[in-house]
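Q: One structure is given below, represented as structure tokens, and several questions about it will come after.
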Amino acid sequence: MSAQKQPDAVHVDEKSKDTQLAKDRSDGTGNFLTTDQGLRIEHTDDSLKIGARGPTLLEDFHLREKVMRFDHERIPERVVHARGSAAHGYFQVYQPMSKYTRAGFLQDPSRKTPVFVRFSTVAGSRGSADTVRDVRGFAVKFYTDEGNFDLVGNNIPVFFVQDGIKFPDFVHAAKPEPHHEMPQAATAHDSFWDFVSLVPETMHMVMWAMSDRGIPRSYRMMEGFGVHTFRFINEKNESRFVKFHWKPLLGVHSLVWDEAQKLAGKDADFHRRDLWESIEMGDFPEYELGVQIIEEADAQKLGIELLDATKLVPEELVPVQRIGKLVLDRNPDNFFAETEQVAYCVSNVVPGIGFTDDPLMQARLFSYLDTQLTRLGGPNFAELPINRPVAPVHNHQQDGFGRHTVNTSRANYHPNSLSGGCPFLASQKQGGYVHPPEQVTGKKQRVRAESFQDHYSQAALFFNSLTPPEQEHLIDACRFELGKVETLHIRERVLEHFAKVDGKLAAAVAAGLGLPTPAAQPSPAKGPVATSPALSMELGKGGGIKSRRIAVLVADGVDSDELMAVRKELEGQGAHVKVIAKHLGTVKAANGQAVKVDKSAITTASIEYDGVYIPGGAASVATLKKDGEARHFVQEAYLHCKTVAASTGATDVLKACEVDPAAPGIVTGAAQALGKAFVAALAKHRHWDRKDNDRVPA
């Protein structure tokens, strides 16, 4: 090392990545239009021609540059996870984790590590809808002072296949069928279920995907998981197994299937818009990072193969320790430059975090790096602003498409003496990454371990851990998906697998398909726990009504005093209230005041809200009773088991909608008491005990 130059020092806080990105931002406000070379442009509306009607000249460099850049502004979309939304934020650990890991960002509770988080659907293209039934990606890039750590996971803790060599087969089967490129962003077709019926290791993940987890209410209200078993390694090189969890502080909530389908048409950007608007309004999404830490000596005692990505470790068996908080507090400045160009790689780790021999993970370690080379045009994708580490980068990599770095050293190899041996190697104490030693023996062979052969016990565990309404939704999802399958023997094969998961499940799905119930199958092997309440969204839901969106239906003559009283109560609990009427502008209240309208009825629907309120006012109530759109709004919310509130003078609207004021989740009364009761009912999120909602004509 040269005596004149010291290693680059870096201090990272939650603003570090933002500061680094600042020099790459460009705002044209108040500036001249230029070419990419900085030449000011005098005219950009007409190409350079010989005469007003003559041929265009090849000499027109501005035309050629402008059209060339337009021709190439689209990059290949991701094969999977093409449809994404993202946000900046920070992560802060609660207590030092030095007992378990030497990862620097997990040591100092006062440090805020900048992050960039991308949420996504898996199967659809960039132009597909947000609310389709699908797995959701949950990828977090930590910009630490030791380099980037990418925790690239999903909202479901397990996966469809056990070995990465099967991943191309699974994705090909799930994607639109090759002969006609249909259906888009959906697994309700023959090739997906053909694959599932022939690969029984998919059964556990199928249960999750067909459950309400496959249609989350928002990115802010879904869990995230690292999926695989990783390693924590401390300063003593002691290794422990670890599984990562993200727990949303708003609780885990879902849409219902009818909502999800309608939203795909009404607002294909529903989840993207929700994330963006929530951050803009200051409702910052928050998640706690949880870890399940397993001593290597205890791994065999669990009776669960930790290297099998189709298996989870029940929280009742190994509790999740919540060790820090993730806060998303800033939207991207430019979708393409950040959300689209961000490149996550499973192989991006920092000292103190390592891998296991999970055969799905091992393939991902290759695949993610490989796919970025094609998608982002070459090996220099890490130099793009959103991907560039905050930690200093020095190596002998050089050249290639899109190279930004201007290397000034004479020596571009190691070892060297011309540059004093620099950049020099770092020991473990100096922050060098050291792979933990692991004894490996065995024959080279293509074989699946016997411990990977149980394909049904955890699928049964998941199904049996759900509440009755959740089980009903899963059954309905299977009926829908398999009802779209045209090949009879595929439907029959899937039912045979369902019978090995749970007899009730198989019988209910078979009845919906008009097929005989498969013969009873032996019960799957019992795992270490019979049920896991942590797997049920209904048993674990919570989060109050913060950031929930409430629709208020009004017309001229509304009682503005009642409206304001209930609105104050709702907004005091962090909810957002939107006043909806036939037209934008204002409506005239009963006392003559103008009430601002936030949305016109033609531009919105009940599926965009978490609850509905109808204030009193004789004239307003009389109008709403006769308004078909207003009645449909109320009936649809009732159908979806949402809370509906009506002031004492507005119960006639409920009757016009054939809604029983005494039904579960229907709140009536005077304004002051109504507000508090409305909040309490909204906190339940859905009212599944509402048994007559299928009769409403919505």
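Residue numbers for the sequence shown follow this note's numbering, beginning at 10 and rising by one. No residue lacks a Cβ here, since even glycine has one placed at the ideal position from N, Cα and C.
Which whole-angstrom value is the C-beta distance of G235 and N164, which I expect to be below 8 Å?
A: Against the sequence shown, residue 235 aligns to sequence position 226. Against the sequence shown, residue 164 aligns to sequence position 155. G235 to N164, Cβ: 12 Å. No contact.
Q: Could you work out which residue in D568, G678, Y618, A132 is closest to K597 when comparing CA atoms only?
A: As a position in the sequence shown, residue 597 is number 588, starting the count at 1. When only C-alpha atoms are compared, the closest one is D568.
Q: According to DSSP, simplified to helix, strand and coil, what is T660?
A: What you label residue 660 is simply residue 651 of the sequence shown in a count that begins at 1. It is helical.
Q: Let me know the beta strand (DSSP E) ranges lying completely inside the region 310 to 374, each 3 residues or longer, listed in chain order.
A: Within the region 310 to 374, the complete beta strand (DSSP E) runs of at least 3 residues are 330 to 339.
Q: If you reduce the DSSP assignment to three classes, tell me which class L475 lands in.
A: Within the sequence shown, numbered from 1, the residue matching residue 475 stands at position 466. If DSSP states are grouped into helix, strand and coil, L475 belongs with coil.
Q: Y99: which of P537, V336, H90 sits nearest, CA to CA?
A: As a working mapping, residue 99 is identified with position 90 in the sequence shown. When each option's Cα is compared against that of Y99, the closest is V336.
Q: Just list the residues that DSSP pairs A654 with in beta bridges.
A: For the purposes of this step, residue 654 is taken as the residue at position 645 of the sequence shown. Looking at the DSSP assignment, A654 forms a beta bridge with Y622, V676.
Q: When DSSP labels each residue in this structure, what does K14 get in the three-state scheme?
A: Mapped onto the sequence shown, residue 14 falls at position 5. In the structure shown, K14 sits in coil (DSSP, three-state: anything other than H, G, I, E or B).
Q: With H, G and I counted as helix, E and B as strand and the rest as coil, what does DSSP make of Q437?
A: As a working mapping, residue 437 is identified with position 428 in the sequence shown. If DSSP states are grouped into helix, strand and coil, Q437 belongs with coil.
Q: From the DSSP output, read off the bridge partner residues of K608.
A: Here the question's residue 608 lines up with position 599 in the sequence shown. Note: K608 sits in a beta bridge opposite I589.
Q: Which residues in the same chain have their Cβ closer than 8 Å to the Cβ of N421, if we skip the five residues on either side of it in sequence?
A: Residue 421 sits at position 412 when you count from the first residue of the sequence shown. Only H405, Q407 meet the Cβ criterion.
Q: Less than 8 Å separating the beta-carbons of A564 and K608?
A: Indexing the sequence shown from 1 puts residue 564 at position 555. Indexing the sequence shown from 1 puts residue 608 at position 599. No; because the gap between Cβ atoms is not below 8 Å, this pair is not in contact.
Q: When you compare the region 545 to 558 with the region 468 to 481, are there three or more beta-carbon pairs, one atom per stretch, that lie closer than 8 Å?
A: Yes, the region 545 to 558 is in contact with the region 468 to 481.
Q: Does the region 426 to 435 come within contact of the region 177 to 188, defined as at least 3 CB pairs closer than 8 Å?
A: No: fewer than three Cβ pairs fall under 8 Å.
Q: Check K700 in the structure and name its three-state DSSP category.
A: To locate residue 700, count along the sequence shown from 1; it is residue 691. DSSP places K700 in coil when its eight states are reduced to three.
Q: How many angstroms separate the CA atom of E617 from the CA atom of F687?
A: Position 608 of the sequence shown, counting from 1, holds the residue named residue 617. Position 678 of the sequence shown, counting from 1, holds the residue named residue 687. If I take the Cα positions, the gap works out to 18 Å.
Q: What are the start and end residues of each continuous alpha helix (DSSP H) run of 4 or more residues lying completely inside the region 491 to 563, in chain order?
A: Those alpha helix (DSSP H) runs which fall completely within the region 491 to 563 and span 4+ residues are 497 to 510, 512 to 522, 546 to 549.
Q: Do the CB positions of L259 and R229 come within less than 8 Å of each other?
A: Within the sequence shown, residue 259 is the residue found at index 250, counting from 1. Within the sequence shown, residue 229 is the residue found at index 220, counting from 1. Yes, they are a contact pair.
Q: Mind reading off the beta-carbon distance from L491 to W217? Whole number of angstroms is fine, and I expect it under 8 Å.
A: Start at 1 with the first residue of the sequence shown, and residue 491 comes out as number 482. Start at 1 with the first residue of the sequence shown, and residue 217 comes out as number 208. At roughly 17 Å, the Cβ-Cβ gap does not stay under 8 Å, so L491 and W217 are not in contact.
Q: Give the range of the beta strand (DSSP E) segment to which T153 is assigned.
A: Residue 153 sits at position 144 when you count from the first residue of the sequence shown. Looking at the DSSP string, the run of the beta strand (DSSP E) that includes T153 is 145 to 153.
Q: Can you give me the start and stop residues for the beta strand (DSSP E) that S263 sits inside?
A: Taking the sequence shown and counting its residues from 1, the one referred to as residue 263 is at position 254. Careful: S263 lies outside any beta strand (DSSP E) and carries neither H nor E.
Q: Can you tell which of T496, G409, A603 has the C-alpha that lies nearest to the C-alpha of S200?
A: For the purposes of this step, residue 200 is taken as residue 191 along the sequence shown, with counting starting at 1. Nearest option by C-alpha distance: T496.
Q: How about W266 and A486: are their beta carbons less than 8 Å apart?
A: Here the question's residue 266 lines up with position 257 in the sequence shown. Here the question's residue 486 lines up with position 477 in the sequence shown. Taking 8 Å as the Cβ cut-off, W266 and A486 qualify as a contacting pair.
Q: Nearest-angstrom Cα distance between P673 and K700?
A: Position 664 of the sequence shown, counted from the start, is the residue given in the question as residue 673. Position 691 of the sequence shown, counted from the start, is the residue given in the question as residue 700. About 9 Å.
Q: Taking the straight line between their C-alpha atoms, what separation do you get for R704 and D159?
A: As a working mapping, residue 704 is identified with position 695 in the sequence shown. As a working mapping, residue 159 is identified with position 150 in the sequence shown. Looking at the two C-alpha atoms, the distance is approximately 48 Å.
Q: Are K634 and V662 closer than 8 Å when you measure CB to CB?
A: What you label residue 634 is simply residue 625 of the sequence shown in a count that begins at 1. What you label residue 662 is simply residue 653 of the sequence shown in a count that begins at 1. Going by C-beta atoms, K634 is nearer than 8 Å to V662.
Q: Where F250 and E305 are concerned, what is the direct C-alpha to C-alpha distance, given to the nearest angstrom?
A: Numbered from 1 along the sequence shown, position 241 holds the residue referred to as residue 250. Numbered from 1 along the sequence shown, position 296 holds the residue referred to as residue 305. C-alpha separation (whole angstroms): 6 Å.
Q: Quick one: Cα of G430 to Cα of N357, how far?
A: Along the sequence shown, read from residue 1 onward, the residue named residue 430 stands at position 421. Along the sequence shown, read from residue 1 onward, the residue named residue 357 stands at position 348. Approximately 26 Å, taken between the alpha carbons.
Q: Report, in whole angstroms, the separation of the C-beta atoms of S466 and K535, which I expect to be a contact under 8 Å.
A: The residue labelled residue 466 in the question sits at position 457 within the sequence shown. The residue labelled residue 535 in the question sits at position 526 within the sequence shown. The Cβ separation is near 7 Å, so the contact holds.
Q: Could you check what DSSP says for E667 in three-state terms: helix, strand or coil?
A: Residue numbering aside, residue 667 sits at position 658 when the sequence shown is read from its first letter. Correct three-state label for E667: coil.
Q: Could you check the C-alpha separation between L264 and L284 for me, to the nearest Å?
A: Translated into positions along the sequence shown, residue 264 becomes position 255. Translated into positions along the sequence shown, residue 284 becomes position 275. Spanning the two alpha carbons is a distance of roughly 15 Å.
Q: Looking at K605 and R558, is the spacing between their C-beta atoms short of 8 Å?
A: Residue 558 sits at position 549 when you count from the first residue of the sequence shown. Residue 605 sits at position 596 when you count from the first residue of the sequence shown. Going by C-beta atoms, R558 is not nearer than 8 Å to K605.
Q: Look at the alpha carbon of R640 and the alpha carbon of Y296, and state the distance between them as a whole number of angstroms.
A: Translated into the one-based positions of the sequence shown, residue 640 becomes position 631. Translated into the one-based positions of the sequence shown, residue 296 becomes position 287. If you take the alpha carbons of R640 and Y296, they lie about 38 Å apart.
Q: Name the one or two DSSP bridge partners that M719 has.
A: What is shown of the chain runs 10 to 707, which leaves residue 719 out entirely.
Q: Using CA atoms only, rank isn't needed, just tell me which of H262, V208, V89 is closest to G162.
A: Against the sequence shown, residue 162 aligns to sequence position 153. Of H262, V208, V89, the residue nearest in Cα terms is V89.
Q: For G684 and L572, I'd like the C-alpha separation in whole angstroms.
A: If you number the sequence shown from 1, residue 684 lands on position 675. If you number the sequence shown from 1, residue 572 lands on position 563. Near 10 Å, if we compare the C-alpha coordinates of L572 and G684.
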